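Peer 1: Dropping the structure in here first, questions after.
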Amino acid sequence: MAVEAPVAPPPAPTADGRIRGLRCRNCGLLRPLAVEYVCGACFGPLEVAYDLDLIGRTLSRDDLSRRPAGIWRFLELLPVDAVPARSLAVGSTPLVTADRIGAAIGVERLLVKDDTRNPTLSFKDRAVAIAAARAQSFGLEALACASTGNLAGATAAAAAAVGLPAYVFVPADLEPAKIEHALAYGATVVPIDGTYDDVNRVCLEVADELGWGLVNVNLRPFYAEGSKTLAYEIAESLGWRLPDVIVAPVASGAMLTKLAKAFDELVTLGWVPAKPVRFVGGQAAGCGPVANAFRDGRSDIEPVRTPDTIVRSLAIGNPADGRYAVELARSSAGSVEAITDDETANAIRLAATLEGIYTETAGGVTLAAVAAASRRGVIRPDDEVVALLTGNGLKTPDAVRYGIESRPAEPGRPGLAPVIPARFSAFEAWLTA
Amino acid sequence: MSQVRIPPVLRPSAGGLKNVDVSGATVGEALTALIAAYPALRSRLLDDGGGLNRFVNVFLNETDVRHLQALDTPLTATDTILLLPAMAGG
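Protein chains in written order, with our numbering: chain A, 969 to 1401; chain B, 23 to 112.
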């Protein structure tokens, strides 16, 4: 197939001028929106810049309250021109009190943002919705991604919704449930013989050479903005104020930094009172380049060559935003915690059995990070803490049993009971044995 | 001669080329030779102190040179050096 790199459209300010363009986070150079993710002048990362004064003059919190549920309620703060004609119903997930987990780990006021309830069961739907909308407006011919798992399903589903072919690149040894999930939406799944970082390297060349819309490569400046909607929803659910501490999983580090960007925007808009928020990240100890940098008091990220953890969704050895994430955790008096797989599995069981919320491994890492930061004193007993549960446990069905011996149920001990003959009397006999 | 693959964002600074052949006994020497041939690459590939720009990842064949001997990694004539932006993935 002959494919040429896409030609960026001519500078076209958005209809209402609220998006100023793409600004380099390193050197500050501003340029028009295009399928670009790297500054040509200094190689730094590009980020969407908004005119918040203009947005503040034309949009109020009351306007939002009259809009239908979903991430497009926050349209003006996202890098799309208009609500897309076709997209999945993403966002507006509940912020629920989790006082029973809180009591178990010594945090009085714990709330969880239950983002397991998105169309493909993870927060990635938020980011991909924006990348898919941009891929359409830029006229790209395919949607693709480098995935640790959750993104695979999200990209495949969004591509199906907007009618683009999807190419999903994953490490070949990824959990089968995640691969099947992406296949179900009609994606081409490309297993790469290597780690996630190998997948990512291949995808950088795919983006450069084929001109497809790689949601987390050449569309990354747009894609990453999707995580901001988590922060907007949290602030709104709290009655337009910020929590004391926010705890999130760290893979590339982009989510943590986007939560901070979103909170800053809300303060600038005057929608929430300014207050210091501590940012706490969680990583798997078996792939914790950002946690290691935090522990060692440095900002440089030493990449992890061979991740060794059940937490596949966070297994990025060379995280793009790692430096920004560790600097944010440090400057906000937060932390980045390294969590063992046993702690992760315990936390998954805790959330499921105490609160009825079944989360995948990244959610287990996050809850264990709440406990770890609490032990460290970063979280104080009376803090209001919001933890992000970013993916559903059905994606990693083996993790919940990790580290424990599977024992059959007995009367008074939950679990899988032996096969019982199809008579009530047989069940009654087992129950009262 | 080893080959350096230039990503699209750097091609305007490298005569529009996608691949450049360079000499050098190490990855660092090869990059020095590349910058000597295309001085506009200096500010993109190196930081103010002359170290590698932290937004650039350098791969020797398929391996990040930070997992090898960084810029001191020895080169052979059949090696390919890949320069890629660090800001991707996740």
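For every residue, glycine included, the Cβ atom is placed at its ideal position computed from N, Cα and C. Here the structure is a predicted model, which is why all the values come from computation and not from measurement.
#1: Going by C-alpha distance, which of A:1276, A:1341, A:1312, A:1345 is nearest residue 1331 (chain A)?
#2: Looking at the C-beta of residue 1169 (chain A), does it have a partner C-beta in chain B at a distance below 8 angstroms?
#3: At a Cβ threshold of 8 angstroms, is residue 24 (chain B) touching chain A?
#4: Using a Cβ-Cβ cut-off of less than 9 angstroms, list which residues of the segment 73-87 of chain B approach chain A; keep chain order.
#5: What are the uninterrupted segments assigned as alpha helix (DSSP H) that are 4 or more residues long and contained completely in the segment 1160-1238 of chain A, given in chain order?
#6: Indicate whether at least one CB of chain A lies closer than 8 angstroms to the CB of residue 112 (chain B).
#7: In angstroms, rounded to a whole number, what distance separates the CA positions of residue 1075 (chain A) and residue 1352 (chain A)?
#8: Taking 8 angstroms as the threshold (C-beta atoms), are residue 1216 (chain A) and residue 1281 (chain A) in contact?
#9: Return helix, strand or coil for residue 1271 (chain A), following the three-state DSSP convention.
#10: Where residue 1021 (chain A) and residue 102 (chain B) are concerned, what is the direct C-alpha to C-alpha distance, given to the nearest angstrom?
#11: Where residue 1228 (chain A) and residue 1290 (chain A) are concerned, what is the direct C-alpha to C-alpha distance, given to the nearest angstrom?
#12: If you reduce the DSSP assignment to three classes, tell me which class residue 1327 (chain A) lands in.
#13: Run down chain B in chain order and give the residues with a C-beta less than 8 angstroms from the C-beta of residue 1284 (chain A).
#14: Would you kindly check if the distance between the Cβ of residue 1271 (chain A) and the Cβ of residue 990 (chain A) is under 8 angstroms?
#15: What number of angstroms, rounded off, separates the C-alpha of residue 1212 (chain A) from the C-alpha of residue 1336 (chain A)?
#16: Check whether the Cβ of residue 1265 (chain A) lies closer than 8 angstroms to any Cβ atom in chain B.
#17: Would residue 1146 (chain A) be called buried (16 or more neighbouring beta carbons within 10 Å of its own) or exposed?
#18: Hey, does residue 994 (chain A) have any beta-carbon neighbour from chain B nearer than 8 angstroms?
#19: Since residue 998 (chain A) sits in a beta bridge, which residues does DSSP pair it with?
#20: Going by DSSP, which residues form a beta bridge with residue 1307 (chain A)?
#21: How about residue 64 (chain B): is its C-beta nearer than 8 angstroms to some C-beta of chain A?
#22: Would residue 1008 (chain A) pass as an interface residue toward chain E - the criterion being a Cβ-Cβ separation below 8 angstroms?
#23: Could you work out which residues of chain A lie near residue 61 (chain B), taking near to mean beta carbons separated by less than 9 angstroms?
#24: Report the neighbours of residue 108 (chain B) on chain A: residues whose CB is nearer than 7 angstroms to its CB, in chain order.
#25: Can you have a look at residue 1366 (chain A) and say buried or exposed, based on whether 16 or more other CB atoms are within 10 angstroms of its CB?
#26: Buried or exposed: which applies to residue 1372 (chain A), given that a residue is buried once 16 or more other Cβ atoms fall within 10 Å of its Cβ?
#27: So, with DSSP's three-state summary, where would you put residue 1092 (chain A)?
#28: Based on the DSSP secondary-structure assignment, which residues constitute the bridge partners of residue 1017 (chain A)?
#29: Which term fits residue 81 (chain B), buried or exposed, when burial requires 16 or more other beta carbons within 10 angstroms of its beta carbon?
#30: Taking one C-beta from the segment 50-66 of chain B and one from the segment 1036-1048 of chain A each time, how about it: are there three or more such pairs within less than 8 angstroms?
#31: So, is residue 1234 (chain A) buried or exposed, given that buried needs 16 or more other C-beta atoms within 10 angstroms?
#32: What separation, rounded to the nearest whole angstrom, lies between the Cα atoms of residue 77 (chain B) and residue 1384 (chain A)?
#33: Using a Cβ-Cβ cut-off of 8 angstroms, state whether residue 1199 (chain A) counts as contacting chain B.
#34: Would you call residue 41 (chain B) buried or exposed, if buried means 16 or more other Cβ atoms sit within 10 Å of its Cβ?
#35: Going by C-alpha distance, which of A:1185, A:1073, A:1029 is nearest residue 1340 (chain A)?
#36: Under a three-way DSSP split, which group does residue 1335 (chain A) fall into?
Peer 2: Taking the structure as given:
#1: A:1312
#2: yes
#3: no
#4: 75, 76, 77, 78, 79, 81, 84, 85, 86
#5: 1164-1178, 1188-1191, 1196-1205, 1222-1236
#6: yes
#7: 8 angstroms
#8: no
#9: coil
#10: 49 angstroms
#11: 14 angstroms
#12: strand
#13: 111, 112
#14: no
#15: 18 angstroms
#16: no
#17: buried
#18: yes
#19: A:991
#20: A:1252
#21: no
#22: The question asks about chain E, but that chain is absent: this structure's protein chains are A and B.
#23: Within chain A, no residue comes near residue 61 (chain B); the closest Cβ sits about 15 angstroms away, beyond 9 angstroms.
#24: 1288
#25: exposed
#26: exposed
#27: helix
#28: A:989
#29: buried
#30: no
#31: buried
#32: 51 angstroms
#33: no
#34: exposed
#35: A:1073
#36: helix
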